[in-house]
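Going by the working numbering, 304 is the number at position 299 of the sequence shown; the sequence numbering is gapless.
Every residue, glycine too, gets a C-beta built ideally from N, C-alpha and C.
All remarks here apply to the structure that follows.
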Amino acid sequence: MAVSPLDLRYKSEMNALFDEENKLAKWLMVESALAKAEGKVGRIPRSAAAEIDKKANLKYVKLERVKEIEREIDHDLMAMVKALSEVCSGDAGKYVHLGATSYDIEDTAHALILRDAIKIIEAKLAHVKQILLVLADENRKMVCIGRTHGQHAVPTTYGMKFVLYASEIGRHQKRLEQAKERMLIGKMSGAVGTMSTFGREGHRIQDYVMRELSIEPALVTNQVIQRDRHAEVLFVLSLIGCTLEKIAKEIRNLQRTEIMEIAEPFGRKQVGSSTMPHKRNPHRCERICSLARLLRADVSVALENIALEHERDLTNSANERFIIPESFIVANFMLNEMIDILVGLEFFPENIRKNIELSKGQIMAERLMILLAHKGMSRQEAHELLRKASIKAFKEGKHLKEALSENRDITKYLNEKELEDAFDPNTYIGEAAEIVGRALRELKRG
């Protein structure tokens with residue numbers, strides 16, 4: 006029976022990359038590449054290399070047998086070495102793993118797993134960005150109220166919101182590409198990184214192995230690939246999670262009963278509450294926000310793993326079995342959730358319009374201040390005049406336009422039509438449409 010929600014609630018195609026069979030398959034791939042490399046440089050007989058290459062796969066090396074040996078010797082990597090050795094015919098088995106240390110195999114295999122995992126994340130990021138670009142294009146002129154400090158500010162558009170998120174996703178794509186260059190490397194350098202067991206053929210063997218696996222060799226290592234590389238990848242996943250949380254939090258807030266401008270999709274038979282039948286909770290967005298905290302916590306552990314003692318200790322090993330699969334599985338689930346939420350996002354235009362008018366024109370005070378300054382009034386004088394007028398209108402429950410039309414300091418600068426026109430929020434979105442258009446063109450190229 007599964008205990009972790011990673012194997013139940015949050016399971017996806019990502020899980021298969023981190024399961025024990027795939028890990029074993031990747032270990033065997035590295036052992037095969039090592040044997041072929043050593044055969045090429047004459048360290049082992051070519052016939053032995055061919056036999057190891059033939060048998061280093063799940064057809065011959067069974068997970069059950071590896072686990073059986075591990076229970077006896079209490080070493081997972083060596084259990085694989087023994088299981089592979091015993092299926093090799095002739096004397097080929099005695100050459101398996103020759104000159105390598107455990108983490109030559111494990112860290113190199115880990116790079117192969119992460120390469121596949123990153124491909125999945127890259128595809129999901131591209132999908133999320135594409136949906137956001139479509140939403141930005143479709144809503145580039147949908148005027149809504151902008152909010153700062155939780156208060157009504159000035160008008161903006163939903164196109165601006167969505168293209169802002171898309172640009173952030175675009176930066177994560179670049180960050181992941183850069184981190185991938187530093188993460189997708191392998192090593193074949195022995196117990197402390199000196200390649201002593203490979204003699205003068207060490208660099209040739211390492212280069213052959215990495216070329217066979219299509220990854221880059223590390224410039225220098227000790228017993229392990231340095232953990233700043235792993236921490237960087239998990240940090241990028243955490244940044245992705247933070248952006249997904251930002252989007253989810255905005256949807257949650259805009260779905261509040263008293264705002265209700267947009268909402269995450271709600272199924273025809275979906276239940277919002279076990280006791281309140283009317284509830285329509287943004288639970289999927291809340292779930293994203295919850296999981297973002299987990300991603301950030303995993304980064305903290307990854308940072309602790311960087312400072313291993315001397316040429317290495319084992320303090321990274323146990324926790325990496327949690328944090329690396331967990332971060333990738335959780336990030337992938339969050340991306341899947343966000344894709345579904347954005348595709349089914351509901352808009353409530355009548356509430357969007359209602360909320361723009363909620364402050365009775367006060368959101369246009371900035372525009373009036375700028376207009377009066379253009380008409381010749383001091384900018385500071387105009388600011389103070391609008392500040393006092395806004396306070397007065399609020400206290401008296403009046404529309405700001407009504408309060409201003411009664412003020413002679415205003416009417417001597419602005420006529421009735423100018424005052425009327427100044428309160429149209431649809432004409433006070435500046436270059437929003439152009440900003441969205443430019444961003445769309447740039448992000449589509451990226």
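Can you tell me whether residue i is helix, strand or coil according to DSSP?
| i | result |
| --- | --- |
| Ile357 | helix |
| Val197 | coil |
| Phe352 | strand |
| Arg152 | strand |
| Gly191 | strand |
| Pro330 | helix |
| Pro160 | strand |
| Pro222 | strand |
| Ile311 | coil |
| Ala454 | This structure cannot speak to residue 454, because the chain is shown only from 6 to 451. |
| Thr416 | helix |
| Asn286 | coil |
| Gln183 | helix |
| Gly246 | helix |
| Tyr15 | coil |
| Pro430 | helix |
| Leu363 | coil |
| His102 | coil |
| Cys93 | coil |
| Pro50 | coil |
Using 8 Å for Cβ pairs, my map puts residue i next to residue j. What's the rounded Cβ distance?
| i | j | result |
| --- | --- | --- |
| Thr226 | Ser194 | 5 Å |
| Arg289 | Val241 | The Cβ separation is near 23 Å, so there is no contact. |
| Leu448 | Leu138 | 6 Å |
| Ile118 | Leu33 | About 13 Å; that fails the 8 Å criterion. |
| Glu56 | Ala97 | 4 Å |
| Thr106 | Gln228 | 6 Å |
| Glu26 | Leu82 | Going by Cβ atoms, the distance from Glu26 to Leu82 rounds to 15 Å, so no, they are not a contact pair. |
| Ala323 | Leu300 | That belief does not hold up - the Cβ atoms of Ala323 and Leu300 are roughly 19 Å apart, past 8 Å. |
| Leu218 | Gln178 | Going by Cβ atoms, the distance from Leu218 to Gln178 rounds to 25 Å, so no, they are not a contact pair. |
Please name the residue in the options whose C-alpha comes closest to that of residue i.
| i | options | result |
| --- | --- | --- |
| Ile329 | Leu390, Gln135, Arg234 and Ile361 | Arg234 |
| Arg48 | Asn62, Ile78 and Gly204 | Gly204 |
| Glu316 | Leu89, Asp96, Thr199 and Glu407 | Thr199 |
| Glu351 | Gly98, Ala105, Lys87 and Asn144 | Asn144 |
| Leu13 | Arg76, Leu363, Ile334 and His208 | Ile334 |
| Val197 | Lys403, Asp109, Ala84 and Glu77 | Asp109 |
| Leu340 | Ile123, Gln228 and Ala444 | Ile123 |
| Gly349 | Phe338, Ala171, Leu424 and Pro287 | Pro287 |
| Gly381 | Gly191, Arg209, Leu419 and Asp142 | Leu419 |
| Asp345 | Leu224, Val168, His80 and Leu249 | Leu249 |
| Asn258 | Thr153, Asp414, Leu103 and Phe428 | Thr153 |
| Asp142 | Ala171, Ser9, Gln260 and Pro354 | Ala171 |
| Asn360 | Thr262, Ile220 and Glu111 | Thr262 |
| Val441 | Ser410, Gly104 and Met165 | Met165 |
| Val168 | Lys192, Glu182 and Val133 | Val133 |
| Glu127 | Gln183, Pro430 and Ser364 | Gln183 |
| Leu224 | Lys31, Gly191 and Ile245 | Gly191 |
| Glu206 | Arg443, Glu325, Lys146 and Gly104 | Gly104 |
| His173 | Met147, Ile245, Arg358 and Glu111 | In the sequence under discussion, the amino acid at residue 173 is Glu, which differs from the His named in the question. The residue with the shortest Cα to Cα distance from Glu173 is Ile245. |
Tell me which same chain residues have a C-beta within less than 6 Å of the C-beta of residue i, skipping the five on either side of it?
| i | result |
| --- | --- |
| Leu239 | Asp303, Val304, Ala307 and Ser332 |
| Arg384 | Ala378 |
| Asn356 | Met265 and Glu266 |
| Met374 | Ala387, His388 and Leu391 |
| Ser454 | Here the chain has residues from 6 to 451 only, and residue 454 is not among them. |
| Arg209 | Val46 |
| Tyr65 | Val92 |
| Arg120 | Leu189 |
| Ile252 | Tyr170 |
| Lys422 | none |
Less than 7 Å between C-beta atoms, sequence neighbours within five positions excluded: which residues of the same chain meet that for residue i?
| i | result |
| --- | --- |
| Leu319 | none |
| Thr161 | Cys149, Gly151, Ile434 and Ala437 |
| Gly451 | Gly175 |
| Arg187 | Arg234 and Glu237 |
| Ile74 | Ala84, Lys87 and Ala88 |
| Ile78 | Ala84 |
| Cys247 | Ala297 |
| Lys185 | Ile123 |
| Asn321 | Arg232, Asn310 and Leu313 |
| Phe428 | Gly366, Met369 and Lys406 |
Please confirm whether any heavy atom of the ligand NAD lies closer than 7 Å to the CB of residue i.
| i | result |
| --- | --- |
| Arg257 | With respect to the ligand NAD, the structure shown offers nothing to examine, as it has no ligands at all. |
What does a CB cutoff of less than 8 Å around residue i pick up in its chain, not counting 5 residues either side in sequence?
| i | result |
| --- | --- |
| Lys254 | Cys290 and Cys294 |
| Glu407 | Ala398 |
| Ser17 | Ile334, Asn337, Phe338 and Asn341 |
| Ile220 | Thr113, Ala116, Leu117, Arg120, Leu189, Ile190 and Gly191 |
Between residue i and chain B, is any beta-carbon pair separated by less than 8 Å?
| i | result |
| --- | --- |
| Leu224 | Structure shown: chain B not included; a single protein chain is present. |
With three or more beta-carbon pairs closer than 8 Å as the criterion, would you say the segment 204-224 touches the segment 40-54? Under the 8 Å Cβ criterion, the segment 204-224 counts as touching the segment 40-54, having at least three qualifying pairs.
Using 8 Å as the threshold, is the segment 355-369 in touch with the segment 150-168, meaning 3 or more CB pairs across them? Contact between the segment 355-369 and the segment 150-168 is present, because at least three Cβ pairs lie under 8 Å.
contact_flag[the segment 84-100, the segment 56-72] where n(CB pairs < 8 Å) is 3 or more: Because the criterion of three Cβ pairs below 8 Å is met, the segment 84-100 and the segment 56-72 touch.
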